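S.K.: Submitted below is the structure of interest, expressed as structure tokens.
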Amino acid sequence: EINQREYLSNGEMKQWDGKAHPVYSPVCVQTANGLERKLIGTYPICTEKEAMESLDAAVAAYNNGRGEWPTMSVADRIACVEQFTRKMLEQKDIVVKLIMWEIGKSHADSVKEFDRTVEYIYATIDALKDVDRVSSRFEMEQGIVAQVRRSPLGVVLCMGPFNYPLNETFTTLIPAIIMGNTLLFKPPKHGTLLHYPLLKAFQECFPKGVVNTIYGRGNSIVPGLMASGKINVLTLIGSSKVANELKKLHPKVNRLRAILGLDAKNAAIVTPHADLKLTVQETVLGALSFNGQRCTALKIVFVHRSIAGQFIQLLNEAVSQLKFGMPWEAGVSLTPLPEPGKPAYLKECIDDAIANGAQVTNENGGATVESLVFPAVVYPVNEKMKLYREEQFGPVIPVVPFDDLETPIQYLIDSTHGQQVSVFSNNKEEVALLIDPLINQVSRVNINCQCQRGPDVFPFTGRKDSAEGTLSVVDALRSFSIRSLVATKLNDANKK
Ligand code: G3H
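Under the UniProt record's numbering, think of the first position of the sequence shown as 31, with each following residue one higher.
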């Protein structure tokens, strides 16, 4: 058990003695009352006053762009981040263990999450040396010489998601600070404790007030922070509903930059020309990696009616091969779900589909034991069902038969989401005809492969309610800064 009694604010580890928030693992243990989620620790619940003090520390460290951090050279900021990363690597074992226990991610995927984050930091450092040629000099027309810079934006409120509590938090946090912004950072509700071993490294590697943390109930502390008007950038990986509510609270919303990764209902389109073996492999990965709890997961599959029977049969077989178990077990891919209400919600979606004429086609599909839910393939799904539009964010694969490619295209046009789509077809002409109508509905079209964020150098964004701003190594550096320049008119005195 880890009982966190400290949080980082204004360069100090503030000792906190208030009421603690209990952290329950999705991993269940047998108790006198039956199977129950295991208590693995506690963390502080900051008061509104404490949260505001942390925000004020970030404001003071930024000091209207005149603070030590925003005026520090890029090379010196990089050195701080490198030092932090070395210290972070020393904490790898404990952080990985906490990812497993807090959100139920398999050991292999928790290690991947950690390693990917470290690689991301180093890739960011490399990209920064070159982004828009920071501080390059070039001659413009009319004898004016410009020194181009990337300047920070101010104070960033950073909130990451539970499904990649380390990695996706850091894909915003690292670019935000490396560009010279100061930061207030709230770890996700599920996935909080794993940041605790890193607090000391933040304290030791950055000037005071550059990185500040707040803990506790987002809905009681975050609204006040937004309403203060002191936040310049809101970055959130989460729901569009929350993002919209928070943005509205800012008194000068037109001055707020929002960098958001939000809802998605990514579709796969499987045509009669698809290689079904490969399609099924990619569908299983796309729909069920980390139990379907990825914003990029495939959340609906459109299959041409002529091949639907064969596709469902192969999909059922592939799903039955997946290993179901505890995060530390070797080869496990389906693990307990961290959100306590999720099993009941998924059951509601499946029941609704059945009531409207669909079936669960795979053995044990949807079977639930406390936080474990066995994946369900649901077929045939239609527009009357919740699974047609709602983002299930869990191990359920809704399959929709279609006769005409206009059906999935129209689905995407009508959707409030616009992140990615996957097309499965080996017919080059067919694929070529699909790309234009699809790319104008989403931000990435994947051909014969699942939807995903990586490789991390690719821009990551979405249309409609799916995103605002662009993330990824290079784009995030741009998102957390403004391109500015010092322009000097050449005259006889300065020409040389
Ligand atoms: O949950 C949203 C993440 O951006 C998904 O990332 O595609 O690398 O799993 P991923």
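Ideal Cβ positions, reconstructed from N, Cα and C, are used throughout, including at glycine. Here the structure is a predicted model, which means the values were calculated and not measured.
#1: Identify every run of the alpha helix (DSSP H) within the segment 381–429, keeping only runs that are complete inside it and at least 4 residues long; order them along the chain.
#2: Going by DSSP, what residues sit across from Y150 in a beta bridge?
#3: Return the chain-ordered ranges of every alpha helix (DSSP H) run that is complete within the segment 487–524 and spans a minimum of 4 residues.
#4: If you check the beta carbons only, do K329 and N296 fall under 7 Å apart?
#5: Can you look up S473 in the DSSP assignment and give me helix, strand or coil?
#6: If you measure from the CB of G484, is any heavy atom of the ligand PLP nearer than 6 Å?
#7: May I ask you to list the residues that DSSP assigns as paired with Q480?
#8: Do S511 and R180 have their beta-carbon atoms positioned less than 7 Å apart in this structure?
#9: Report the CB separation of T243 from L229 in whole angstroms; it is logged as a contact under 8 Å.
#10: Of all the alpha helix (DSSP H) runs that stay within the bounds of the segment 83–132, which reach a length of 4 or more residues?
#11: Does DSSP classify M209 as helix, strand or coil?
#12: Do you know offhand how far T491's Cα is from A294's?
#13: What is the DSSP secondary structure of V164, counted as helix, strand or coil?
#14: N193: beta carbon under 6 Å from a heavy atom of the ligand G3H?
#15: Quick one: using the 10 Å Cβ neighbour count with 16 as the cut-off for buried, is Q172 buried or exposed?
#16: Taking only heavy atoms of the ligand G3H into account, decide whether any of them is closer than 6 Å to the Cβ of R493.
#17: Out of A406, D86, C481 and A273, which one is the CA nearest neighbour of Q422?
#18: Would you tell me roughly how many angstroms separate the C-alpha atoms of L276 and Q389, rounded to the nearest one?
#19: For V164, which residues of its own chain have a beta-carbon under 8 Å away from its beta-carbon, when the five flanking residues on both sides are left out?
#20: Check for me: the alpha helix (DSSP H) holding T313 runs from which residue to which?
#21: By how many angstroms is the C-alpha of I207 removed from the C-alpha of L367?
#22: Going by beta carbon distance, what residues of the same chain come within less than 6 Å of S136, once the five residues before and after it are set aside?
#23: Exposed or buried, what is Y152 when buried is set at 16 or more other beta-carbons lying within 10 Å of its beta-carbon?
#24: Taking the alpha carbon of G254 as the reference point, which residue from N197, T77 and V185 has its own alpha carbon closest?
#25: Exposed or buried, what is D522 when buried is set at 16 or more other beta-carbons lying within 10 Å of its beta-carbon?
#26: Counting along the chain, where does the alpha helix (DSSP H) carrying T437 start and finish?
#27: Can you name, in chain order, every residue of its own chain whose Cβ lies under 8 Å from the Cβ of R335, other than the five neighbours on each side?
#28: Let's test the definition: count the other Cβ atoms within 10 Å of the Cβ of G395 and tell me whether it reaches 16, buried, or not, exposed.
M.R.: In terms of the structure at hand:
#1: 416–419
#2: Y150 is not bridged to any residue.
#3: Segments of the alpha helix (DSSP H) lying fully in the segment 487–524: 503–509.
#4: In this structure, N296 lies closer than 7 Å to K329 by Cβ.
#5: coil
#6: As presented, the structure is devoid of the ligand PLP, carrying the ligand G3H as its sole ligands.
#7: By DSSP's assignment, Q480 forms no beta bridge with any residue.
#8: yes
#9: The Cβ separation is near 7 Å, so the contact holds.
#10: 98–101 and 104–120
#11: Coil, per DSSP.
#12: 11 Å
#13: With a pLDDT of 48 at V164, under the threshold of 50, the predicted position of this residue should be treated as unreliable, though the coordinate-derived value follows. DSSP places V164 in coil when its eight states are reduced to three.
#14: Checking the Cβ of N193 against the ligand G3H gives yes.
#15: With fewer than 16 other CB atoms across the displayed protein chains lying within 10 angstroms of its CB, Q172 is exposed.
#16: no
#17: A406
#18: 39 Å
#19: The predicted model places V164 with a pLDDT of 48, which falls under 50 and marks its position as unreliable, so this point remains unresolved.
#20: From DSSP, the alpha helix (DSSP H) with T313 extends over L306 to L318.
#21: Rounded to the nearest angstrom, the two C-alpha atoms are 32 Å apart.
#22: P357, V362 and T365
#23: Result: exposed.
#24: T77
#25: exposed
#26: Here the alpha helix (DSSP H) through T437 covers E436 to D444.
#27: The beta carbon of R335 lies closer than 8 Å to those of P431, F432 and D433 in the same chain, with the five residues before and after it left out.
#28: buried
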